[in-house]
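Q: In UniProt numbering, the protein residues as written are 1 to 204.
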Amino acid sequence: MEGELSVMEEKGKEVTQKEEKELLYSRVEELKCSIAALLAENNMFERFISRLDPQDLVSQAGGEGAGAAGASHLEGGSRGRRRKSRSYISDRLQQLTLEQKLYVAQREVTETQQDQEKLKQRYERIQDNYKASLEEAELRLAEIRKAKKEFERRLLKPMKENRLEIKAASSVERALAPGARRGSGDRGTPATAGSTQVAGHTLA
1 MEGELSVMEE KGKEVTQKEE KELLYSRVEE LKCSIAALLA ENNMFERFIS RLDPQDLVSQ
61 AGGEGAGAAG ASHLEGGSRG RRRKSRSYIS DRLQQLTLEQ KLYVAQREVT ETQQDQEKLK
121 QRYERIQDNY KASLEEAELR LAEIRKAKKE FERRLLKPMK ENRLEIKAAS SVERALAPGA
181 RRGSGDRGTP ATAGSTQVAG HTLA
């Protein structure tokens with residue numbers, strides 16, 4: 001009987017430890033989600049503050065400081081009470097209400113949309129400039145090709161024709177030259193003389 005009770009107690013302890021682990025795990029997950037949300041809010045608030053004018057921030061801080069100082073003088077309490085009131089005011093200023101968070105989020109959404117529109121317009125202008133440069137380059141290439149064809153038509157083609165005419169004339173001149181006719185006659189005469197001698201020798 002005592003053994004059964006001890007076994008049941010051990011099982012109960014195991015179940016309790018398992019439930020505690022599950023509870024801790026769920027708590028850790030909740031903390032992770034809340035930390036991620038806080039980090040996102042901090043990033044959003046930092047972007048919101050970075051968009052503000054520094055002079056406006058300085059003027060607002062000065063006004064709040066004057067108001068806080070006036071409130072502390074009106075209280076007329078001890079030094080400890082003034083410290084307590086200042087810490088309460090600083091804590092209250094650090095925490096934003098739900099309406100303020102909603103306002104900041106809406107402003108960030110609007111600013112982000114405007115930034116995206118500006119980037120879109122900028123990239124469209126860059127793209128238009130590239131297109132204009134490409135069209136201009138194509139026009140210049142077409143003009144260069146046209147000028148090349150005109151150059152070939154006016155200069156290269158007549159030069160080729162003149163070279164052909166010069167070659168034909170020189171070949172005709174070489175064919176009609178007197179030296180060429182004498183050379184052909186001399187080449188025929190020895191052949192005739194040689195044949196006569198051979199014939200005379202044969203006859204003898």
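A virtual CB, placed ideally from N, CA and C, is assigned to each residue, including glycine. Every value quoted in this text rests on a predicted model; they were computed, and no experiment measured them.
Identify whether LEU24 lies in helix, strand or coil by the three-state DSSP scheme.
A: Here LEU24 sits in helix by DSSP.
Q: Is the Cβ-Cβ distance between GLU108 and ARG47 less than 8 Å?
A: A contact, by the Cβ cut-off of 8 Å.
Q: Starting from ASP115, trace the alpha helix (DSSP H) both ways and give me its first and last residue.
A: It spans 98 to 151 - the alpha helix (DSSP H) in which ASP115 sits, taken as one unbroken run.
Q: Going straight from the alpha carbon of LYS157 to that of PHE151, what length do you get?
A: Cα to Cα, the separation comes out at about 9 Å.
Q: Throw me the rounded Cβ distance for the GLU111 and ARG27 pair, which I believe falls under 8 Å.
A: That pair is no contact at about 36 Å.
Q: Can you tell me the Cα-Cα spacing of MET159 and ARG153, whole angstroms?
A: Cα-Cα distance, rounded: 10 Å.
Q: I need the straight-line Cα distance from ALA40 to GLU117, nearest angstrom please.
A: Whole-angstrom Cα-Cα distance: 23 Å.
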